[in-house]
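So the structure is just underneath, and the comments pick up after that.
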Amino acid sequence: MEKGPEKTYTALIVEDDESIAAAMTFNLKKEGFRCLVARNGLEGLRLVRRENPGIMVLDLMLPKMDGWKLCRQVRDEGFDLPIIVCSARTSEFDKVEMLEMGADDYLVKPFSMAELLARVKANLRRTGTYAAQVHMETIKAGLLLIDPERKEAFADGEPLRLTPKELAILHLLVREAPRPLSREDIYRGVWGYEMLHGDRSVDVFIKRLRQKLQDGIPGYTFIQTQYGFGYKFEQKETSGSDGVKG
Numbered sequence: 167m168e169k170g171p172e173k174t175y176t177a178l179i180v181e182d183d184e185s186i187a188a189a190m191t192f193n194l195k196k197e198g199f200r201c202l203v204a205r206n207g208l209e210g211l212r213l214v215r216r217e218n219p220g221i222m223v224l225d226l227m228l229p230k231m232d233g234w235k236l237c238r239q240v241r242d243e244g245f246d247l248p249i250i251v252c253s254a255r256t257s258e259f260d261k262v263e264m265l266e267m268g269a270d271d272y273l274v275k276p277f278s279m280a281e282l283l284a285r286v287k288a289n290l291r292r293t294g295t296y297a298a299q300v301h302m303e304t305i306k307a308g309l310l311l312i313d314p315e316r317k318e319a320f321a322d323g324e325p326l327r328l329t330p331k332e333l334a335i336l337h338l339l340v341r342e343a344p345r346p347l348s349r350e351d352i353y354r355g356v357w358g359y360e361m362l363h364g365d366r367s368v369d370v371f372i373k374r375l376r377q378k379l380q381d382g383i384p385g386y387t388f389i390q391t392q393y394g395f396g397y398k399f400e401q402k403e404t405s406g407s408d409g410v411k412g
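Structure follows, in structure tokens:
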């Protein structure tokens, strides 16, 4: 049996279905987590601000503030905790939309508690908040500096505002450069389990990461597409660039 965290971490469950929230709480507590439960989105936002939890499990169809608005607000306020969406909505559009808003993972109801626990632990491992995290060294690559231990990245000396998943993907691509990585390689390395057929999570995160890098260092691209395969890290100056800013 996989061990829980060696110290207590706080999981925020934002779910208006009492039976589902109770099952999540029971199983997470068995694994050593401290659990907070919010029955609506506004209460969830207040708990994020007050408690700064280690991870959030989020339903979408919530009273007072829905899961879409809550996820966006949490990210807009700069909280970088992993967000796992648990929803009965099964469309690919809903999943992609939530990932683009800043969610880290998406679990379709109904699901087993064992699957939820696996997702929680996998997400915490990759953010440096779970005891089983492997050491990830600081890397300097061209105009980028990545320090995963401190959850920081810098573009030409300026801090980049990246979510834990974005930081983990960037670190993985830089660490493996110039070798290209398939979408399956990236998913396995960052999410911690096998990618389902047709899953677009990697593409969504790469798109968002590229935009943040472009905003941080105009005139350069850093993540190149290997058509029919995946992605690789390679710093390139775009045509018409005036060079490094400053």
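Take any residue in the sequence shown, count from 1 to its spot, add 166: that is its number in the numbering used here. Heads up, the beta-carbon is just placed ideally off N, CA and C, and yes, glycines get one too.
Counterpart residues of residue i in DSSP-defined beta bridges
i, result
"T391", "Y397"
"T176", "R200"
"F320", "L311 and P325"
"K306", "L311"
"K402", "T387"
Whole-angstrom C-beta distance between residue j and residue i, which should lie under 8 Å
i, j, result
"S253", "K230", "With 8 Å as the limit, S253 and K230 do not qualify as a contact, their Cβ atoms being about 17 Å apart."
"G382", "I352", "21 Å between Cβ atoms; not a contact."
"R205", "L226", "Not confirmed; about 14 Å, so no contact."
"I335", "L375", "6 Å"
"V251", "G210", "Not really, about 12 Å apart at Cβ, beyond 8 Å."
"R291", "G268", "Rounded, the Cβ-Cβ distance is 19 Å, inconsistent with contact."
Candidates the options: closest to residue i by CA position
i, options, result
"L228", "F320, G207, R291 and E400", "G207"
"K287", "G394, K331, G358 and F371", "G358"
"L489", "L178, S185 and E184", "Since the first residue of the chain shown is 167 and the last is 412, residue 489 is not available in this structure."
"I186", "M279, R291, G198 and A269", "M279"
"V356", "I372, L338 and A343", "L338"
"R316", "R238, F371, L326 and A307", "L326"
"R366", "E350, Q380 and Q377", "E350"
"V240", "D260, E258 and E217", "E217"
"G394", "Y386, S348 and L290", "S348"
"Q380", "P344, E342 and L328", "L328"
"F388", "A188, V251, D322 and T191", "D322"
"P344", "V370, K398 and I305", "K398"
"D271", "V223, L310 and M190", "V223"
"F199", "D182, E184, E266 and P219", "P219"
"I249", "T304, R285 and N193", "R285"
"E332", "P346, E281, L283 and E266", "E266"
"N289", "R354, K235 and V340", "R354"
"L247", "I221, E197, K196 and N193", "I221"
Cβ neighbour criterion (16 or more within 10 Å) applied to residue i
i, result
"P384", "exposed"
"R215", "exposed"
"T174", "exposed"
"D242", "exposed"
"R415", "Because the chain spans 167 through 412 in this model, residue 415 falls outside it and cannot be assessed."
"M167", "For M167, the predicted structure reports a pLDDT of 40, less than 50, and the residue's modelled location is therefore unreliable. The matter cannot be settled from this model."
"K402", "exposed"
The beta strand (DSSP E) enclosing residue i, as first and last residue numbers
i, result
"P310", "Here residue 310 is Leu; the residue named in the question, Pro, does not match the sequence. Here the beta strand (DSSP E) through L310 covers L310 to D313."
"L273", "D271 to V274"
"L228", "Here L228 belongs to no beta strand (DSSP E), and DSSP marks it neither H nor E."
"I221", "I221 to L224"
Element boundaries [alpha helix (DSSP H), containing residue i]
i, result
"S253", "Counting along the chain, S253 falls outside any alpha helix (DSSP H), though it belongs to the beta strand (DSSP E) covering I249 to S253."
"A343", "Note, A343: premise wrong, no alpha helix (DSSP H); not H, not E."
"G210", "G207 to E217"
"S367", "S367 to G382"
"E243", "Unbroken run through E243: none, as it is neither H nor E."
"D260", "E258 to M267"
"E350", "R349 to W357"
Contact with chain C by residue i, beta-carbon distance below 9 Å
i, result
"I186", "Included in the structure is just one protein chain, with no chain C present."
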